[in-house]
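Just so you know, the protein sequences line up as chains A, B, C, D, E and F, in that order.
Each number in this note's numbering corresponds to the 1-based position in the first sequence with 4 added.
Each number in this note's numbering corresponds to the 1-based position in the second sequence with 4 added.
Each number in this note's numbering corresponds to the 1-based position in the third sequence with 4 added.
Each number in this note's numbering corresponds to the 1-based position in the fourth sequence with 4 added.
Each number in this note's numbering corresponds to the 1-based position in the fifth sequence with 4 added.
Each number in this note's numbering corresponds to the 1-based position in the sixth sequence with 4 added.
There are 6 protein chains.
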Amino acid sequence: MGGHDAMPLDTLMNDAALSGYRINREPHYRAQGDEIAVFEAAWQRRMPLLLKGPTGCGKTRFVEHMAWRIGRPLITVSCHEDLTAGDLAGRWLLEDDSTRWQDGPLTLAARHGAICYLDEVVEARQDTTVLIHPLADTRRQFTLDRKGEVLTAHPDFMLIVSYNPGYQSLSKDLKTSTRQRFAAIDFDYLPPQQEAEVVAAESGVSPDMAQRLVALGTRTRRLRGQGLEEGASTRMLIHAGGLITGGIKPMLACRTAIAAPLADGDELRMALQQAIEASF
Amino acid sequence: MGGHDAMPLDTLMNDAALSGYRINREPHYRAQGDEIAVFEAAWQRRMPLLLKGPTGCGKTRFVEHMAWRIGRPLITVSCHEDLTAGDLAGRWLLEDDSTRWQDGPLTLAARHGAICYLDEVVEARQDTTVLIHPLADTRRQFTLDRKGEVLTAHPDFMLIVSYNPGYQSLSKDLKTSTRQRFAAIDFDYLPPQQEAEVVAAESGVSPDMAQRLVALGTRTRRLRGQGLEEGASTRMLIHAGGLITGGIKPMLACRTAIAAPLADGDELRMALQQAIEASF
Amino acid sequence: MGGHDAMPLDTLMNDAALSGYRINREPHYRAQGDEIAVFEAAWQRRMPLLLKGPTGCGKTRFVEHMAWRIGRPLITVSCHEDLTAGDLAGRWLLEDDSTRWQDGPLTLAARHGAICYLDEVVEARQDTTVLIHPLADTRRQFTLDRKGEVLTAHPDFMLIVSYNPGYQSLSKDLKTSTRQRFAAIDFDYLPPQQEAEVVAAESGVSPDMAQRLVALGTRTRRLRGQGLEEGASTRMLIHAGGLITGGIKPMLACRTAIAAPLADGDELRMALQQAIEASF
Amino acid sequence: MGGHDAMPLDTLMNDAALSGYRINREPHYRAQGDEIAVFEAAWQRRMPLLLKGPTGCGKTRFVEHMAWRIGRPLITVSCHEDLTAGDLAGRWLLEDDSTRWQDGPLTLAARHGAICYLDEVVEARQDTTVLIHPLADTRRQFTLDRKGEVLTAHPDFMLIVSYNPGYQSLSKDLKTSTRQRFAAIDFDYLPPQQEAEVVAAESGVSPDMAQRLVALGTRTRRLRGQGLEEGASTRMLIHAGGLITGGIKPMLACRTAIAAPLADGDELRMALQQAIEASF
Amino acid sequence: MGGHDAMPLDTLMNDAALSGYRINREPHYRAQGDEIAVFEAAWQRRMPLLLKGPTGCGKTRFVEHMAWRIGRPLITVSCHEDLTAGDLAGRWLLEDDSTRWQDGPLTLAARHGAICYLDEVVEARQDTTVLIHPLADTRRQFTLDRKGEVLTAHPDFMLIVSYNPGYQSLSKDLKTSTRQRFAAIDFDYLPPQQEAEVVAAESGVSPDMAQRLVALGTRTRRLRGQGLEEGASTRMLIHAGGLITGGIKPMLACRTAIAAPLADGDELRMALQQAIEASF
Amino acid sequence: MGGHDAMPLDTLMNDAALSGYRINREPHYRAQGDEIAVFEAAWQRRMPLLLKGPTGCGKTRFVEHMAWRIGRPLITVSCHEDLTAGDLAGRWLLEDDSTRWQDGPLTLAARHGAICYLDEVVEARQDTTVLIHPLADTRRQFTLDRKGEVLTAHPDFMLIVSYNPGYQSLSKDLKTSTRQRFAAIDFDYLPPQQEAEVVAAESGVSPDMAQRLVALGTRTRRLRGQGLEEGASTRMLIHAGGLITGGIKPMLACRTAIAAPLADGDELRMALQQAIEASF
């Protein structure tokens with residue numbers, strides 16, 4: 005009630021609400037191409053962004069890095085097929101004989117100016133994707149039906165969604181009316197040399213071992229479509245490296261971190277085992 | 005408590021309820037044909053209107069413009085397959101040990117004389133479309149079953165729905181008994197010269213660049229049916245222009261704003277890439 | 005507590021409950037055949053009635069007219085596939101720390117002697133149609149399970165349902181055990197001369213223009229089965245007439261009020277356009 | 005607190021609970037065969053009964069008659085596919101800050117010794133039919149899971165279900181484990197002379213007219229399987245007779261009460277029309 | 005507050021909770037083979053038991069007999085496809101402004117040391133069968149998620165499930181991971197002489213009549229697979245005997261108690277009728 | 005309020021919350037290969053682990069052993085297709101006129117540093133598997149949407165899931181984006197000599213009998229794919245041994261503990277019976 009005079013109570017509460025979503029340390033991110041410049045041009049216009057690419061190639065890390073770079077809080081929602089519009093928008097809670105409105109993650113971001121990142125957006129139900137339409141065009145509004153409130157997004161609100169085209173199926177495709185609202189950035193695995201540097205840095209293995217692991221990763225990615233939905237992600241290579249650092253022999257580490265999680269059937273397992281043996 | 009004597013409390017509350025839905029500044033709209041005259045003739049008779057056309061061709065903007073023109077508030081509902089009759093009509097909320105009725109957006113519009121715009125109405129569940137039937141014929145009534153109230157619409161209430169015939173499927177078609185209640189206006193993309201003017205005005209690119217973008221848009225629209233559900237909307241061309249204004253090179257801007265969001269597969273992506281290369 | 009002595013409080017409350025459902029002015033209705041006599045004979049025995057016929061041919065207007073004629077309130081329910089037995093029968097509401105029973109529309113009608121009209125009854129779920137069985141045979145009772153009450157219908161209660169056989173499908177057929185409980189009246193469009201008089205009266209166009217509109221209506225009805233589920237209803241012809249009265253040219257008015265709402269595909273649209281051109 | 009001393013409060017409340025279900029006047033019933041004797045032998049052993057036969061052939065009337073004859077209250081439940089176990093067993097209601105258990109119709113009958121009649125039992129969900137298993141074997145018990153009560157049925161409780169084998173389908177068949185618990189009585193339409201007497205008595209037509217109506221009924225029943233799921237029930241013949249008594253000509257009355265409700269398609273309608281013309 | 009000193013309040017409450025589930029009189033059971041010895045050996049180790057066999061062959065009676073023999077209360081749950089994990093585990097009830105936990109039948113049995121018998125376990129939903137897994141292996145625990153309690157079963161808790169392999173279908177099969185947790189006892193109908201003794205004892209017919217009824221039962225069981233899912237159970241033979249004792253002629257009694265409940269179609273009905281005629 | 009000064013109230017409550025999940029005695033576990041070393045290397049990095057293998061081969065026992073070995077509490081959740089995200093994350097409970105948040109098992113483990121073991125994770129719904137994604141990568145966070153809390157996992161939290169590839173089907177497969185987050189350990193049955201030692205120790209049979217039982221187990225496992233989804237688990241062999249110890253003859257014990265639970269059909273049953281006869 006003294007030094008706070010200059011800041012309305014509402015702002016203080018908003019800051020509190022978002023404080024858990026601020027990114028205080030720079031998340032390490034190695035650019036693959038123009039994506040940082042494109043993001044910044046999109047951010048200037050608060051243009052909604054769609055990040056496309058395989059699992060574990062760095063989309064989430066990129067969003068964290070950019071949120072830190074532009075200094076905005078980041079609210080991430082992992083979408084799934086039971087995610088309802090109410091989960092995103094908010095709901096009434098019963099409290100002490102009365103009801104209290106609780107903003108959902110999307111509302112929180114739109115109201116206070118955070119980045120809202122809907123990870124794997126095609127997994128969500130239709131009502132969720134439709135809910136974001138008026139937020140993703142020039143209106144930048146959405147209606148909290150259950151609260152009777154028309155919310156115009158904060159000037160610093162930005163909407164980002166991710167999508168893995170490799171999983172695309174008839175029932176899990178992005179609607180055209182949704183696609184039309186977004187600009188999109190393509191992601192892929194890092195080039196081998198860069199990927200090896202990341203593997204070495206994060207798992208503690210030697211540069212030589214990291215290169216072998218990346219070579220193995222590349223081999224598994226060639227098996228894609230031959231029973232394998234996706235090859236080993238960078239994350240899996242780091243897992244293998246981490247087990248090696250922890251004293252597990254390289255081939256057992258790769259079997260544990262790559263072959264066993266990826267493959268169930270004998271044939272595919274053997275193909276992965278051969279890729280492992282060829283790498284060490 | 006003085007100057008307000010002449011206005012009943014109820015009206016003041018209604019005005020408060022609708023105040024968030026008033027459109028205070030003229031939304032820019034460039035007529036494509038007779039649609040303004042047709043809308044005004046329909047408005048004279050409060051005839052329900054169905055707006056048909058592809059995504060992003062200006063249906064929503066037209067409704068906003070007309071709402072401003074006739075001076076009525078506009079309540080927009082983005083329909084989706086989980087939208088229930090209760091979401092439109094209203095519901096009982098628990099409050100301080102008692103229950104309070106909260107009008108849904110359709111009830112709010114019907115009670116106080118706003119335009120209610122149900123965007124992409126075929127996405128809604130059947131109970132929603134049936135709910136609007138008695139509001140969309142000479143009765144202009146609907147029954148709030150859960151409240152036990154028969155509501156006769158305010159004289160200034162008007163019902164507008166939109167529908168994209170391009171997405172029409174067996175399970176997402178408009179019922180004939182619904183169609184029979186509406187007059188309909190067809191929408192399409194703007195003619196090239198007009199579209200270029202809009203792109204230039206909203207993205208800040210030069211007239212020449214705007215024409216190239218529109219030419220690209222036309223090329224993509226010819227790809228419709230060849231793997232593409234719809235070509236680039238005007239909104240996408242503005243996105244591309246905006247990135248260019250922000251310093252991104254034209255071909256990267258078009259890849260980001262048009263090709264990447266529209267296409268997942270290699271073949272379609274290549275066709276779009278060729279369209280881009282042919283445009284710059 | 006004075007003049008009301010002769011009327012029990014309960015009756016006063018009932019009258020209040022039904023007052024919104026009374027029809028005070030005669031709804032215009034032009035008989036097509038024996039339907040008024042048949043209705044009156046059915047009414048004498050409180051025989052449940054099924055009204056069959058295409059959308060917009062006057063079934064709802066007929067019910068309103070007859071309700072006015074016999075002087076009973078009319079409670080209309082537009083059925084849809086999410087209509088539950090509870091929506092018709094009633095439910096418990098929480099109120100001031102306690103619960104209060106609220107009669108649904110069917111219970112209200114059965115308890116106080118109104119006509120209950122279930123519009124498009126096949127759209128409702130099975131539990132709804134089964135609920136009306138004991139009300140539609142000699143028992144004239146139904147059990148409010150959730151209230152623990154056996155309700156015997158008021159002597160003036162009458163049950164009417166409507167059904168459009170044109171939409172009949174395996175999953176949306178009326179059960180035989182339901183059909184067996186009803187007498188049925190067939191409805192169709194008015195004869196041309198009568199229909200033209202209605203169109204002129206309700207839209208304000210000249211008799212000549214009304215006849216052209218009706219001729220167009222007849223042409224569209226011949227297209228039924230050729231991609232068109234139903235031809236233009238009288239209501240659509242009135243819409244066209246209303247736009248003409250409002251200053252829109254006849255062919256644009258007919259495209260707006262008839263062709264555009266009925267047809268999405270190019271072929272059907274052209275057939276309707278030809279019917280319009282042949283009419284003016 | 006005086007004359008009631010001899011009767012415990014609980015019994016008085018039970019009587020009140022069942023009073024709405026008592027049948028005070030003899031329901032007219034004309035036996036078709038041994039069914040009354042079989043019912044009485046089953047009643048002696050409280051053996052569960054299954055009544056099989058077409059719609060409207062008198063199963064419900066038989067149960068009402070027998071309930072009156074043996075002097076037990078009758079609780080009828082029309083089954084449907086949304087009928088849950090909770091609808092039959094009972095539920096907790098919120099009341100004045102607390103919850104109160106409300107017996108469902110089956111519990112009410114089992115607790116106080118009424119006949120419980122589940123009409124069209126195959127329409128109900130599986131949980132409902134399984135719920136009655138322990139009540140329909142020597143245990144004569146059922147567990148109110150949600151109340152934590154094991155209820156042993158009153159000695160006068162009897163369970164009766166009905167079933168129309170004509171509608172039998174894979175998904176709506178009676179489970180063998182349910183069938184094994186019941187003895188069954190077959191029902192069919194009355195012999196012509198008896199049926200004519202019923203039609204004359206209930207509709208007020210002359211004996212000659214009643215015989216013509218029954219002859220028509222028999223003709224329609226021969227059409228079964230030729231597009232008609234079932235022929236005209238006795239109830240429909242009474243409807244036709246009632247319209248005739250009310251001044252409607254016989255052929256119009258039969259079209260209204262029989263042909264129009266039973267048939268939608270032209271072919272079947274014509275067959276019924278010929279049957280009507282052959283009858284008058 | 006005196007003699008109860010030695011018994012903690014909790015135990016007294018438990019005893020009250022289970023008192024309704026105690027079996028005070030010996031249920032008559034005639035062993036078919038080694039099942040009593042096998043049960044007792046399983047009981048020594050509290051090994052979960054699966055009882056397999058046709059409907060009405062005595063599985064439930066066997067469990068009641070064994071519960072009486074080992075002196076433990078028996079809690080029976082008839083499974084069905086809407087039985088949820090919450091129905092078995094328990095739920096929170098609202099009571100006097102607060103919530104009270106109510107143990108479900110499985111929790112009640114596990115907490116206080118009763119036998120829990122899940123009748124026709126394959127009818128239940130997957131979450132139910134998975135819920136019993138940790139109770140059916142060496143852990144003998146289960147987690148009441150909604151209560152936040154890890155419950156270790158009482159030393160006297162035993163789990164028994166039943167299963168009719170005759171109904172086995174793809175969607176209603178017991179999961180292998182469930183089967184692996186149980187030892188199983190096979191049940192079948194009694195040998196003819198023993199079955200006749202039971203029929204005579206329970207229905208009151210003469211030994212000769214009982215043998216004829218059993219001979220009929222055997223004939224019907226040979227029809228299994230020829231349109232009949234299962235032949236007449238012992239219970240059905242007792243029903244037929246009971247009707248005979250009540251004065252109904254044998255062939256009518258058998259038609260009522262056996263042929264009519266088992267068969268809908270003409271062919272199967274005739275086969276059963278011939279079996280009846282061959283028996284008397 | 006004295007000796008507790010050094011320990012914040014929160015910690016005391018946490019300890020209480022987890023106390024039921026501590027494993028106080030060493031669970032017997034016989035290593036099959038490198039799994040203990042691999043687990044410990046994974047634990048050093050808190051790497052999420054996926055345990056793959058057939059039912060009853062010791063995955064659960066392994067987790068219990070390792071939880072005891074590293075001294076962390078273990079919270080096990082048996083997944084099933086009705087398990088929702090709310091079941092894992094937690095929910096609001098109504099309590100004394102207010103609402104209280106109750107952590108679900110996953111939240112409990114993540115907040116206080118327990119191992120969370122999701123048994124048969126593919127049985128769970130998609131929202132559950134997606135919920136664990138941010139907990140299973142470098143973020144080690146998850147958002148309690150309904151509570152508005154971003155929870156960063158306790159440094160000692162570890163996530164383990166199990167999966168039986170033998171049951172793999174299209175609708176019950178682990179998503180690639182989930183697989184990519186885990187390292188995996190393969191499990192299989194113990195080698196014969198070790199398995200016999202376990203059977204003897206846990207059932208009390210002689211070493212010779214234990215070897216015969218294991219030989220029988222091996223024979224049944226060869227039948228896999230020939231109608232049998234899986235052969236007898238070690239647990240089933242212990243069951244058979246336990247019945248033998250309890251006085252049941254070996255062949256009856258094996259029929260009861262192995263053949264009867266595994267097989268319904270005659271052919272498979274005979275094959276198992278032959279395997280039993282070949283073993284004794």
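All C-beta atoms, glycine included, are put in the ideal place defined by N, C-alpha and C.
Being a predicted model, the structure only gives us computed values, none of them experimental.
The C-beta of tryptophan 72 (chain D) comes no closer than 8 Å to any C-beta of chain E. By the Cβ-count criterion, serine 166 (chain E) is buried, with 16 or more other Cβ atoms from all chains shown falling within 10 Å of its own Cβ.
Of all residues in the stretch 79 to 100 of chain A, only Thr88, Ala89, Trp96, Leu98 come within less than 9 Å of chain B when Cβ atoms are compared, listed by chain position. For cysteine 120 (chain F), the enclosing beta strand (DSSP E) covers residues 119 to 123.
Judged by pairs of C-beta atoms under 8 Å, the stretch 46 to 56 of chain D touches the stretch 148 to 168 of chain D, as three or more such pairs exist.
For glutamine 106 (chain B), the secondary structure class from DSSP, reduced to helix, strand or coil, is strand.
In chain order, Pro77, Leu78, Ile79, Ala118 place their CB closer than 7 Å to the CB of tyrosine 25 (chain F), counting only its own chain and leaving out the 5 sequence neighbours on each side. Chain-ordered, the chain A residues with CB closer than 7 Å to the CB of leucine 266 (chain B) read Arg183. When Cβ-Cβ separations below 8 Å define contact, glycine 62 (chain E) makes no contact with chain F.
Identification of residues in the stretch 42 to 59 of chain A having a C-beta nearer than 8 Å to some C-beta of chain B yields Val42, Glu44, Ala45, Ala46, Gln48, Arg49, Met51, Leu54, Lys56, given in sequence order. Under the 8 Å criterion on CB atoms, tyrosine 25 (chain D) is classed as interfacial with respect to chain C. Judged by DSSP secondary structure, glutamine 145 (chain D) falls outside any alpha helix (DSSP H) and instead within the beta strand (DSSP E) spanning 145 to 148. Distances from the alpha-carbon of alanine 261 (chain A) to those of A:Gln106, A:Ile280, A:Glu271 put A:Ile280 closest. The criterion of a C-beta distance shorter than 8 Å is not satisfied by isoleucine 189 (chain D) and glutamate 44 (chain D). By the rule that beta-carbons nearer than 8 Å mark a contact, arginine 239 (chain C) touches chain B.
Glycine 235 (chain B) sits in coil when the DSSP states are folded into three classes, being neither helix nor strand.
With a minimum length of 4 residues, the unbroken runs of alpha helix (DSSP H) contained wholly in the stretch 175 to 212 of chain F fall at 180 to 183, 196 to 207.
In the DSSP assignment, glutamate 68 (chain A) falls within the alpha helix (DSSP H) that extends over 63 to 74.
With contacts defined as CB atoms closer than 8 Å, aspartate 107 (chain C) and glycine 90 (chain C) fail to qualify as a contacting pair. Using a Cβ-Cβ cut-off of 8 Å, leucine 256 (chain B) counts as an interface residue toward chain A, since at least one Cβ of chain A sits closer than that to its own. In the displayed model, methionine 162 (chain B) falls within a strand according to three-state DSSP. Within the stretch 220 to 248 of chain C, contact with chain B at the beta-carbon level (separation under 7 Å) is assigned to Glu233, Glu234, Ser237, Arg239, Met240, His243, Gly246, Leu247. Rounded to whole angstroms, the Cβ separation of arginine 273 (chain D) and alanine 263 (chain D) is 6 Å, and the two are in contact under 8 Å. Here proline 195 (chain A) is exposed. Its C-beta has fewer than 16 other C-beta atoms within 10 Å. For glutamate 39 (chain E), the enclosing alpha helix (DSSP H) starts and ends at 39 to 48. Using a Cβ-Cβ cut-off of 7 Å, aspartate 38 (chain A) is close to Leu256 of chain B, given in chain order.
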